[in-house]
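Residues 1 to 157 (full-length UniProt numbering) are what the sequence shown spells out, left to right.
Backbone N, C-alpha and C fix where the C-beta goes; we use that ideal spot for every residue, glycine too.
Since this is a predicted model, take the numbers as computed values, not measurements.
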Amino acid sequence: MRSAASKTLMAHCMKSFRIKTHRLESSYQQPHFFILNKGLNSGKPLNNACPNCFVCLTECDEHREFLYWLCFGLWKSKSFHYLLKGSVIPFVTIDESRKLIRESSTKASCKSQAFEKAIQALQLLDTNEQKIKVTLKMIDTARQAIFYDLMKEADAG
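Structure follows, in structure tokens:
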């Protein structure tokens with residue numbers, strides 16, 4: 001049985017959330033995000049649903065953002081890899097995912113300033129990664145256009 005001080009600390013440190021298996025026909029009114037549960041990208045947080053995912057439901061947008069970026073950090077640090085089961089298509093179980101997120105949430109909440117700095121760094125890196133992906137796509141398109149023009153000129157001559 002927990003003491004009153006322990007309960008107060010847990011309430012202060014923990015963000016309340018529920019994780020359940022997403023059903024394709026379901027829609028959610030409260031703040032939520034999705035967590036991929038099959039494949040080597042298991043644990044990856046998603047804004048849009050996919051067939052093989054859990055849904056994480058939160059009480060408010062602040063908790064959603066906290067948990068989304070917590071899952072993003074756990075996924076990037078490959079923390080979910082230790083939970084993978086299966087040989088052909090690896091997957092994570094809902095109970096182990098819930099446990100990992102709950103334990104990590106407690107640690108992150110109790111070190112909120114360091115966590116906020118880490119999240120800001122992750123967000124900045126993610127933004128830069130998206131910009132680089134766009135740049136690489138434009139470079140690839142330019143390569144295709146250059147070769148296309150070369151072949152077009154060869155046919156005209």
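Alpha carbon of residue i to alpha carbon of residue j, nearest angstrom
i, j, result
"residue 189", "Leu57", "As displayed, the chain neither begins before 1 nor continues past 157, which places residue 189 out of reach and without an answer."
"Asn37", "Gln30", "21 Å"
"Gly86", "Asn41", "14 Å"
"Glu62", "Gln144", "44 Å"
"Gly73", "Met151", "46 Å"
"Met138", "Gln120", "27 Å"
"Glu25", "Phe17", "21 Å"
DSSP state of residue i mapped onto helix, strand, coil
i, result
"Arg23", "coil"
"Val134", "helix"
"Cys60", "coil"
Residue j beta carbon less than 8 Å from that of residue i
i, j, result
"Ser105", "Leu83", "no"
"Ser97", "Ile146", "no"
"Asn47", "Phe66", "no"
"Ile132", "Thr21", "no"
"Gly43", "Phe80", "yes"
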